Amino acid sequence: MKNPKRATIHDIARKLNIAASSVSRALNNSSKVSAATKELILKTAKELNYKQNYLASNLRKGQNQTIGVVVPRINQNFFSNVIAGLEEVTYKNGYNLVICQSNELHEREVQCVEALINQHVSCIVISISAEHHNSDHLKNALAQGIQVIQFDRVALDVETYKVINDNELAATEAVSHMISQGYKRIAL
């Protein structure tokens with residue numbers, strides 16, 4: 013079965029006998045289009061079942077509203093909670109997530125990062141695999157102008173933003189709290 017052709021801004025423009033640039037401005041909520049024209053364009057877009065092609069739009073703008081996430085195991089509570097939090101924040105800000113799982117394998121981590129680079133993501137958020145060998149793939153992403161943010165497990169041989177726990181400080185604060193509560197025999 014052949015897929016029906018997707019409606020484009022040119023289809024909307026042809027139907028309304030107006031310039032495609034006017035359709036584009038209306039669909040992007042530009043103030044340069046009157047409210048009446050914008051309403052007519054949006055109505056026609058809905059009738060034609062128009063769906064914005066974000067890939068084409070982002071290529072024209074030279075940006076991508078997609079963030080790539082690479083985690084060792086999606087099904088671990090910690091990582092699934094991180095992904096849920098990222099999704100909530102990115103959704104509210106008009107971004108999408110692409111999620112990859114390395115399965116704790118360096119080779120798969122490299123493949124995930126390369127796939128995200130090829131998708132021209134804006135940013136890669138990554139927790140490196142337990143089998144991490146080198147950071148060449150992260151350096152490559154940075155060289156391509158892609159922001160890299162490491163969290164949880166991080167590679168120290170590459171300059172990126174890092175979100176990590178201070179386990180020493182956490183242990184000190186936990187023990188101090190227990191002592192202040194009167195505990196005498198504490199084991200960590």
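Numbering (the numbering used here), first residue to last: 13 to 200.
Even glycine gets a Cβ: it sits at the ideal position worked out from N, Cα and C.
Keep in mind that this is a model prediction, so the values were computed, not measured.
*Grouping DSSP H, G and I as helix and E and B as strand, with all else coil, what is residue 80?*
DSSP places residue 80 within a strand segment (E or B) once states are collapsed to three.
_Residues near residue 21 by beta carbon distance below 6 Å, same chain, minus five either side_ = Around residue 21: 32, 35, 36.
*asked:* For residue 132, tell me which candidate among 183, 52, 109, 43 has the shortest Cα-Cα distance.
replied: That would be 109, whose Cα lies nearest to the Cα of residue 132.
*Who are the Cβ neighbours of residue 13 in its own chain at under 8 Å, not counting the five residues just before and after it?*
Low confidence applies here, because residue 13 scores a pLDDT of 48, under 50, leaving its location unreliable; read the following figure in that light. Hits under 8 Å: none found.
*Does the count of Cβ pairs from the stretch 74-87 and the stretch 49-64 closer than 8 Å reach three?*
In short, these stretches do not touch, since the Cβ pair count stays below three.
*Determine the DSSP secondary structure at residue 191, reduced to helix, strand or coil.*
Per DSSP, reduced to three states, the secondary structure at residue 191 is helical.
*Which ranges would you report for the alpha helix (DSSP H) in the stretch 29-55 if only whole runs of at least 4 residues count?*
Runs of the alpha helix (DSSP H) inside the stretch 29-55: 32-39.
*Helix, strand or coil for residue 108, going by three-state DSSP, please let me know.*
Residue 108 falls in the strand class under three-state DSSP.
_Beta bridge counterpart(s) of residue 174 as assigned by DSSP_ = Here residue 174 is bridged, per DSSP, to 162.
*Identity of the residue in 162, 82, 94, 142 nearest residue 123 by Cα*: The shortest CA-to-CA distance from residue 123 to any of 162, 82, 94, 142 is the one to 82.
_C-alpha gap between residue 276 and residue 17, whole angstroms_ = Here the chain has residues from 13 to 200 only, and residue 276 is not among them.
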